[in-house]
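Mapping the sequence shown onto our numbering, position 21 (from 1) lands on 21, and the numbers just tick up by one.
Even for Gly, the Cβ is constructed at its ideal location relative to N, Cα and C.
Worksheet: the structure to be examined is printed underneath.
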Amino acid sequence: MTRTDPLARAVFALLVAACFGAFILTQRLKHTPTPVQHFQLTPRFSPTPSGHIKQERISFKLARADAVTVTILNSAGDTVATLVRKRPVARYKQFSLRWNGRIMVTPR
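Following this line, the structure appears as structure tokens:
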């Protein structure tokens, strides 16, 4: 008959408890709503005279009320335009913007 070390049993029990706790936390995080919901963007946008879609439509909802800043970045990550700065947006209310490539057209 082999005897197990009490320390080994304690470490094993702690590992099992930690795995169980991690599983519960992961399940809870999986069902937590994301901060930005129902994000929509115009699939193709060309503000040039030859382009047929002259305005970009940006729309989203927030899971909780907050002040938002909407910034347009180029492919290098540089700021091209800031459409809205610290504007209050209500919880679960659709917030929409239109941008023509130079200036913001209308916030809704």
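Can the beta-carbon of A63 be found closer than 8 Å to that of A90?
-> Against a cut-off of 8 Å, the Cβ pair of A90 and A63 comes out as no contact.
Using DSSP with H/G/I as helix, E/B as strand and the rest coil, what is R87?
-> In this structure, R87 counts as strand in the three-state DSSP scheme.
Backbone secondary structure at K61 - three-state DSSP = DSSP places K61 in strand when its eight states are reduced to three.
Is Q94 helix, strand or coil when you go by DSSP?
-> Under the three-state reduction of DSSP, Q94 is assigned to coil, being neither helix nor strand.
How far does the beta strand (DSSP E) with T4 in it reach, from first residue to last?
-> No beta strand (DSSP E) contains T4, which DSSP labels as neither H nor E.
So, is L41 buried or exposed, given that buried needs 16 or more other C-beta atoms within 10 angstroms?
-> Burial state of L41 is exposed, judged by a 10 Å Cβ sphere holding fewer than 16 other Cβ atoms.
Which stretch, first to last residue, makes up the beta strand (DSSP E) that contains Q55?
-> Segment: none, Q55 is in no beta strand (DSSP E) and carries neither H nor E.
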